[in-house]
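**Student:**
Chains as they are written, first to last, in the numbering used here: chain A, 1 to 320; chain B, 321 to 643.
1) Helix, strand or coil, according to DSSP, for residue 323 of chain B in the structure here?
2) Of all the options A/177, A/143, A/50 and A/129, which has the alpha carbon lying nearest to the alpha carbon of residue 3 of chain A?
3) In the DSSP assignment, what are the bridge partners of residue 580 of chain B?
4) Over the uninterrupted alpha helix (DSSP H) stretch that includes residue 275 of chain A, give me the two end residues.
5) Could you name the residues of chain A that residue 430 of chain B contacts, counting a contact when the two beta carbons are closer than 7 Å?
6) So what's residue 468 of chain B in DSSP terms, helix, strand or just coil?
7) Since residue 110 of chain A contacts residue 62 of chain A with CB under 8 Å, what's their CB separation in whole angstroms?
8) Nearest by alpha-carbon distance to residue 540 of chain B: which of B/558, B/519, B/559 and B/375 is it?
9) Give the single residue among B/432, B/627, B/360 and B/606 whose Cα lies nearest to the Cα of residue 303 of chain B.
10) Could you check how far apart the C-beta atoms of residue 148 of chain A and residue 230 of chain A are, in whole angstroms? I think they sit under 8 Å.
11) How many whole angstroms separate the CB atoms of residue 576 of chain B and residue 525 of chain B, which I take to be in contact at a CB cut-off of 8 Å?
12) Since residue 398 of chain B and residue 491 of chain B should fall inside the 8 Å C-beta cutoff, what is the C-beta to C-beta distance between them, to a whole number of angstroms?
13) Alpha carbon to alpha carbon, what distance is there between residue 364 of chain B and residue 112 of chain A?
14) Shorter than 8 Å from the beta carbon of residue 128 of chain A to some beta carbon of chain B?
15) By the 7 Å beta-carbon criterion, what residues does the stretch 151-185 of chain A contribute toward chain B?
16) State yes or no: is the beta carbon of residue 251 of chain A nearer than 8 Å to at least one beta carbon in chain B?
17) Using a C-beta to C-beta distance shorter than 8 Å, which residues of chain B count as neighbours of residue 301 of chain A?
18) List the whole-angstrom C-beta distance separating residue 344 of chain B from residue 396 of chain B, where the pair is believed to meet the contact cut-off of C-beta under 8 Å.
19) Are the C-beta atoms of residue 513 of chain B and some chain A residue less than 8 Å apart?
20) Since residue 127 of chain A and residue 167 of chain A should fall inside the 8 Å C-beta cutoff, what is the C-beta to C-beta distance between them, to a whole number of angstroms?
21) So what's residue 497 of chain B in DSSP terms, helix, strand or just coil?
22) Could you tell me the alpha carbon to alpha carbon distance between residue 95 of chain A and residue 86 of chain A, rounded to whole angstroms?
23) Provide the residue span of the alpha helix (DSSP H) that contains residue 124 of chain A, from first to last.
24) Within the same chain, show all residues whose beta-carbon is closer than 6 Å to that of residue 11 of chain A, passing over the 5 residues directly before and after it, in chain order.
25) Pull up the distance between the alpha-carbon of residue 139 of chain A and that of residue 99 of chain A, whole angstroms please.
26) Looking only at its own chain, which residues have a Cβ that is under 8 Å from the Cβ of residue 181 of chain A, when we skip the five neighbours before and after it?
27) Could you run through the stretch 53-76 of chain A and flag, in chain order, every residue whose CB is less than 9 Å away from some CB of chain B?
28) Would you say residue 387 of chain B reaches chain A, if we count a Cβ-Cβ gap shorter than 8 Å as a contact?
29) Taking 8 Å as the threshold (beta carbon to beta carbon), is residue 101 of chain A in contact with chain B?
30) Distance, Cα to Cα, residue 281 of chain B vs residue 641 of chain B?
31) Is the distance from the Cβ of residue 355 of chain B to the Cβ of residue 347 of chain B below 8 Å?
32) For residue 194 of chain A, which three-state DSSP category applies?
33) Examine the Cβ distances between the stretch 525-538 of chain B and the stretch 621-636 of chain B and report whether three or more of them are shorter than 8 Å.
34) Let me check one thing: in DSSP terms, what residues is residue 176 of chain A bridge-paired to?
35) Comparing the C-beta of residue 304 of chain A with each C-beta of chain B, is any distance below 8 Å?
36) At 7 Å on the CB atoms, spell out the chain A contacts of residue 412 of chain B, in chain order.
This is how it looks when you write it as structure tokens:
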């Protein structure tokens, strides 16, 4: 597919923004400046980028515990995200959710989720609502290889297929369920093979090739939007770091790690952009610098935001 | 006012709201043409059609989980879980997803959904189809729990539950389904969080809900013949609990008996007892009593099942023990 220069540069901008946000999270976490846990999307940037490029504001995504990339790609506000990581009152969730529970329903972001596999039924329900309301919108459920073993995967694919719901099941197979390699936790290599068991098409792509992701996800999103039902899209990738910050990932074979780092999606796209003469290195460096500046601004925003008032402990349990 | 059974009243509540609000839909196992395992949804499919009333696969997790997603984006689902005993298959979807979305999102999301589910013993359905487990749900901040005991309350609470912007567990008792009573026609709302004194009295307060409410009323009639005038209070909603009504009644009578079909340990009676001790200790002339099922699974043999379920006799005996 011949993508326009603008499209590829937009991919690049989004990916380096995610990269900068996550690298900043590494730094902040190591410095003890953000409480709790973060699960970083480093290495997987091409997937959220390539998928969300075909989504409109009215479309929905359900994210995972490793959700910063999805949030950014669906238009999430960097300041509000960063403030939420800091647990401050100006965060997306007033500091009450944290990294794993950021949501913005107005942007169609149904939320990151701390329960592996929980997003699939939620996205299935959103897709049902899109069909019910006949609003032409679709839902994308992001989930990992580990989550594809959960009952929620099976029930969601089955229901979405049987009811022909406008949804894409987007598997980010990074080869690990915490410390369990894929082959130790399931007996298939291509998770997309599971699709035929539910009567839907399945496709596997190189998750570190943003154009390949864009093409496969785009086709699945079109299919859903046309009313032809769900697709299972598997994007093969690798997470650069551990499951959470603080996990050294010692279970990974150093050779595998090196091989996958060599397939880092961002340098790959950079090389292509330069080769196609869509941008000179200087222009790409400028885009990176802009992203980094936006992240720095987000950190300042977060640090300036006050901690929640103690009375917030008791609010928002119920809607009035 | 119309004579309706409890089952018809639940159905009428759903029908009234589904006709009034096009965002309300009903999904569950066998709810459509079959009319539900207990006939509660009979006729709704014929009247409202497949877009509003739909059968699901046997998939409790996605039945409740998809209701969360649909509710987040503006619909008002009624999800039926065929037996409350099956809630184990969808507990994450209720307690980690539905219940917590609003709080975790800093108050910006809301999850207006109802999970309708039958509870209770007495039909020989045995251990996995006969339970009462409302305290699983009362223990979840973010969820409301209602348990109607009469047809009128069943309809009014159903309409209120659907209109509530929170996840509501609506637990209907199988034994009450054929019970007939007067039910207001049209839109009739029983507010959540409001108890009802089903029988006024001055000698003892009996708090009971669901099928046990009916047993408590029958026991109160017998007690009256023995000169004991019992006040029977039906909380109707367990969470949010009408503490004021409870404390007012105990202040009047000085004696409290709580009756529930849940097993004894960690049943909701313990919560009510703790509240009355904390906030109404001076009203009490005697320790609080509970009549509950024992801490066992529900047996199959009718003679054993009968021994499991709290009886009128046990209620009467417990009250007599106060005097």
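Glycine included, each C-beta is placed from N, C-alpha and C at the ideal position.
**Tutor:** Looking at the coordinates:
1) Correct three-state label for residue 323 of chain B: strand.
2) A/50
3) B/612
4) Looking at the DSSP string, the run of the alpha helix (DSSP H) that includes residue 275 of chain A is 265-275.
5) 319
6) coil
7) 5 Å
8) Closest option to residue 540 of chain B, Cα to Cα, is B/519.
9) Since the first residue of chain B shown is 321 and the last is 643, residue 303 of chain B is not available in this structure.
10) At roughly 14 Å, the Cβ-Cβ gap does not stay under 8 Å, so residue 148 of chain A and residue 230 of chain A are not in contact.
11) 5 Å
12) Incorrect: roughly 13 Å between the Cβ atoms, too far for contact.
13) 36 Å
14) yes
15) Residues of the stretch 151-185 of chain A with a C-beta less than 7 Å from any C-beta of chain B: 151, 152, 155, 156, 158, 159 and 162, listed in chain order.
16) Judged by the 8 Å Cβ criterion, residue 251 of chain A is not in contact with chain B.
17) Think of a sphere of 8 Å around the beta carbon of residue 301 of chain A: no beta carbon from chain B falls inside it, the nearest being about 16 Å out.
18) 5 Å
19) With 8 Å as the cut-off, residue 513 of chain B does not count as an interface residue toward chain A.
20) With 8 Å as the limit, residue 127 of chain A and residue 167 of chain A qualify as a contact, their Cβ atoms being about 4 Å apart.
21) coil
22) 7 Å
23) Annotation for residue 124 of chain A: the continuous alpha helix (DSSP H) segment containing it runs 119-133.
24) Answer for residue 11 of chain A: 49 and 210, listed in chain order.
25) 22 Å
26) 175 and 251
27) 60 and 62
28) yes
29) yes
30) No answer is possible for residue 281 of chain B: the residues shown for chain B start at 321 and end at 643.
31) no
32) helix
33) yes
34) For residue 176 of chain A, the beta-bridge partners assigned by DSSP are A/181.
35) At a cut-off of 8 Å between beta-carbon atoms, residue 304 of chain A makes no contact with chain B.
36) 115 and 118
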